[in-house]
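Participant: Shown below is the structure under consideration.
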């Protein structure tokens, strides 16, 4: 299993150049926040992701895919607000 630092790094790097910040609370739940461009306006927050369930490459990849889907859902096409590069 990855450390929380490694997990946070993997998730945050998966969304570059979109700004993404991951935190882990004392109950071992991951929170992922996405920010729009240089305005630092928070546009999507996903909370309560159990870190214990992110114990395989498949689980982490699925989480990233789900987060991409959530991010695309809150970002209208052509808005220019985000760039989510496929991986």
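Numbering (this note's numbering), first residue to last: 3 to 89. All residues carry an ideal CB built from backbone N, CA and C; glycine is no exception. Being a predicted model, the structure only gives us computed values, none of them experimental.
Ordered along the chain, which non-local residues of its own chain (more than five positions away) have a Cβ less than 7 Å from that of residue 56?
Facilitator: Your numbering for residue 56 matches position 54 in the chain shown. Cβ within range, chain order: 9, 62, 65.
Participant: According to DSSP, is residue 32 part of a helix, a strand, or is it coil?
Facilitator: Taking the chain shown and counting its residues from 1, the one referred to as residue 32 is at position 30. Strand, per DSSP.
Participant: With C-beta atoms as the reference, is residue 32 less than 8 Å away from residue 26?
Facilitator: Numbered from its first residue, the chain shown carries residue 32 at position 30. Numbered from its first residue, the chain shown carries residue 26 at position 24. Yes.
Participant: In the DSSP assignment, find the alpha helix (DSSP H) that holds residue 63 and state where it starts and stops.
Facilitator: Here residue 63 is taken as the residue at index 61 of the chain shown, counted from 1. Per DSSP, residue 63 belongs to the alpha helix (DSSP H) from 59-76.
Participant: Work out the CA separation of residue 29 and residue 87 for me, nearest whole Å.
Facilitator: Taking the chain shown and counting its residues from 1, the one referred to as residue 87 is at position 85. Taking the chain shown and counting its residues from 1, the one referred to as residue 29 is at position 27. Low local confidence applies: a pLDDT of 42 at residue 87 is under 50, so the model's placement there is unreliable, and no value is given.
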